[in-house]
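Novice:
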Amino acid sequence: MSTHIAAKAGEISEKILLPGDPLRAKWIADTFLTDVIQYNTVRNMFGYTGSYNGQRISVQGTGMGLPSISIYVHELFTEYNVQTAIRIGTCGGILEKTKIGDLVIAMTASTDSNINRRATNGLDLSPSANYDLLQKAVSAAAGKSMHVGSVASMDQFYDSTDSLQKLIQYGTLALEMEASALYSLAAKFNRKALAIMTVSDHVITHEAMPADQRERSLVDMVEVALKTIAN
Ligand code: HPA
Numbered sequence: 018m019s020t021h022i023a024a025k026a027g028e029i030s031e032k033i034l035l036p037g038d039p040l041r042a043k044w045i046a047d048t049f050l051t052d053v054i055q056y057n058t059v060r061n062m063f064g065y066t067g068s069y070n071g072q073r074i075s076v077q078g079t080g081m082g083l084p085s086i087s088i089y090v091h092e093l094f095t096e097y098n099v100q101t102a103i104r105i106g107t108c109g110g111i112l113e114k115t116k117i118g119d120l121v122i123a124m125t126a127s128t129d130s131n132i133n134r135r136a137t138n139g140l141d142l143s144p145s146a147n148y149d150l151l152q153k154a155v156s157a158a159a160g161k162s163m164h165v166g167s168v169a170s171m172d173q174f175y176d177s178t179d180s181l182q183k184l185i186q187y188g189t190l191a192l193e194m195e196a197s198a199l200y201s202l203a204a205k206f207n208r209k210a211l212a213i214m215t216v217s218d219h220v221i222t223h224e225a226m227p228a229d230q231r232e233r234s235l236v237d238m239v240e241v242a243l244k245t246i247a248n
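Count along the sequence shown starting at 1, add 17, and that's the number in this note's numbering.
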């Protein structure tokens with residue numbers, strides 16, 4: 018038992034997928050895993066463990082934003098011995114080339130949050146993906162429309178600051194709200210992490226993914242993540 022996760026010792030796998038939406042965690046467990054147990058309902062932030070190709074895999078909702086994912090990942094790393102964590106989620110494209118439905122695999126994640134600076138006495142940490150996972154995900158996604166590079170994990174979804182132009186100028190692929198926190202906690206606790214996202218909307222063109230494309234692209238992303246983590 019930890020503060021926000023009610024699992025008993027041993028109920029969570031060392032390998033975990035981390036969607037933001039707890040109902041997506043449930044959907045992933047129902048759709049892709051067998052012999053599933055639900056280990057957490059605290060705050061409706063559902064967590065499940067099941068079997069995928071003979072391996073135990075867990076899937077835990079994290080909520081939105083750096084503070085929320087930080088709570089769950091900290092407890093998973095420090096109290097449940099999670100070694101490998103893959104965030105799966107959506108992001109908003111900001112470059113011309115990041116099109117709706119594309120996969121974005123985050124090599125690193127900038128942020129306007131103060132969390133990393135507070136953690137490192139003011140240094141601009143460059144939190145990065147685990148290379149082994151990154152390379153496996155790129156192989157698993159071969160043939161799909163994908164981008165590998167930097168994302169920005171922003172504190173505000175409805176951001177009215179002028180940071181967007183700078184991020185575009187510096188080649189940032191997309192905006193989301195969690196990867197930087199996940200990567201810096203992985204660095205702190207010497208664990209492996211990766212974030213794989215689907216472009217669900219475009220921040221500049223305001224294009225959004227049509228409803229009929231949502232499930233297909235979600236399935237594609239989960240399959241890439243499962244192949245990566247089970248490899
Ligand atoms: N901004 C931040 N996070 C997001 C977005 C966005 O535009 N789209 C999906 N997640």
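Where a beta carbon is used, it is the ideal one built from N, C-alpha and C, also for glycine. Predicted model only: the values in this text are computed from it and were never measured.
1) Quick one: complete beta strand (DSSP E) runs, 3+ long, within the stretch 21-48?
2) So, are the CB atoms of residue 166 and residue 190 less than 8 Å apart?
3) I need the DSSP call for residue 18, collapsed to helix, strand or coil.
4) Within 10 angstroms of the Cβ of residue 219, are there 16 or more other Cβ atoms? Answer buried if so, exposed if not.
5) Taking the DSSP output, what are the residues bridged to residue 57?
6) Please classify residue 115: does DSSP put it in a helix, a strand, or coil?
7) Using three-state DSSP, classify residue 146 as helix, strand or coil.
8) Quick one, which of 109, 30, 84, 79 has its alpha-carbon nearest residue 71's?
9) Looking at residue 33: is its Cβ nearer than 8 Å to the Cβ of residue 121?
10) Compute the beta-carbon to beta-carbon distance between residue 238 and residue 213, rounded to the nearest angstrom, for a pair I have assumed lies under 8 Å.
11) Across which residues does DSSP place residue 191 in a beta bridge pair?
12) Return yes when the Cβ of residue 170 is within less than 8 Å of the Cβ of residue 242, no when it is not.
13) Near residue 161, which residues of its chain fall below 6 Å by C-beta distance, leaving aside the five closest residues on each side in sequence?
14) For residue 47, which of 76, 227, 225, 178 has the nearest alpha-carbon?
15) Compare the beta carbon distance of residue 64 and residue 56 with 8 Å and say whether it is the shorter of the two.
16) Taking 8 Å as the cut-off, does the stretch 133-143 touch the stretch 194-207 (at least 3 CB pairs, one atom from each stretch)?
17) Run through DSSP, which three-state label would residue 221 get?
18) Contact check, residue 51 vs residue 83 under 8 Å by CB: the rounded distance?
19) With 16 as the cutoff for other CB atoms within 10 Å, does residue 156 come out buried or exposed?
20) At a cut-off of 7 Å, would you count residue 226 as near ligand 1, judging by its Cβ distance to the nearest heavy atom?
21) Is residue 92 buried or exposed, if buried means 16 or more other CB atoms sit within 10 Å of its CB?
22) When DSSP labels each residue in this structure, what does residue 152 get in the three-state scheme?
Specialist: Here's the rundown:
1) 32-36
2) Cβ distance < 8 Å, so residue 166 and residue 190 count as in contact.
3) coil
4) Note on residue 219: 16 or more other CB atoms within 10 angstroms of its CB, so buried under the neighbour-count rule.
5) For residue 57, which the question treats as bridged, DSSP gives the partners 64.
6) The DSSP-derived three-state label of residue 115 is coil.
7) coil
8) 30
9) no
10) 6 Å
11) 110, 168
12) In this structure, residue 170 does not lie closer than 8 Å to residue 242 by Cβ.
13) 120
14) 76
15) yes
16) yes
17) coil
18) About 33 Å; that fails the 8 Å criterion.
19) exposed
20) With a threshold of 7 Å, the Cβ atom of residue 226 does not count as near ligand 1, since no heavy atom of the ligand is closer than that.
21) buried
22) helix
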